[in-house]
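Data block below; observations after.
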Amino acid sequence: RFVTLHSLQFKTMGKRTRKVGITGKYGTRYGATLRKLLRKVEVSQHSTYRCAFCGKDSVKRTVVGIWSCGSCKKTIAGGAYSLSTASAVTVRSTIARLRKIQNEAP
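Position 42 of the sequence shown, counted from 1, bears residue number 759 in my numbering, the numbering being contiguous throughout.
Printed below as a string of structure tokens:
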């Protein structure tokens, strides 16, 4: 593929994957369904998340379950592949609800 600009030709990079994304490295191995599941996991673990302390989108995964903010240098314990898990969200909302009930009771 070539692009012409002012009578100069430049070779541009071709599009590498059409739909497989980050799991293109596995080729045709492991089956399409498993690669789709793995794609979801890998995309979530490599993305950046918003920091609860400084508000910037700079929280990245360091190792399994450990997330650190590149801006304010805080380290957060979270899920293995995403910053917060479904059970953590449930626990957080339950604790908030119980605190609210405790504060309202005389």
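Using N, Cα and C, we set each Cβ at its ideal position, and we do this for glycine too.
In this text the structure is predicted, and so the values were computed from the model without any measurement.
#1: In the DSSP assignment, the beta strand (DSSP E) including residue 778 goes from what residue to what residue?
#2: Taking DSSP as the reference, what is the three-state secondary structure of residue 785?
#3: Among 760, 764 and 786, whose alpha-carbon lies nearest the alpha-carbon of residue 771?
#4: To the nearest whole angstrom, what separates the beta carbons of residue 797 and residue 782, a pair I think is in contact under 8 angstroms?
#5: Within its chain, find whatever has a CB closer than 8 angstroms to the CB of residue 739; leave out the 5 residues flanking it on each side and keep chain order.
#6: According to DSSP, is residue 798 helix, strand or coil?
The answer reads as follows:
#1: 776-780
#2: strand
#3: 786
#4: 5 angstroms
#5: 756, 759, 760 and 763
#6: Coil at residue 798, not helix or strand.
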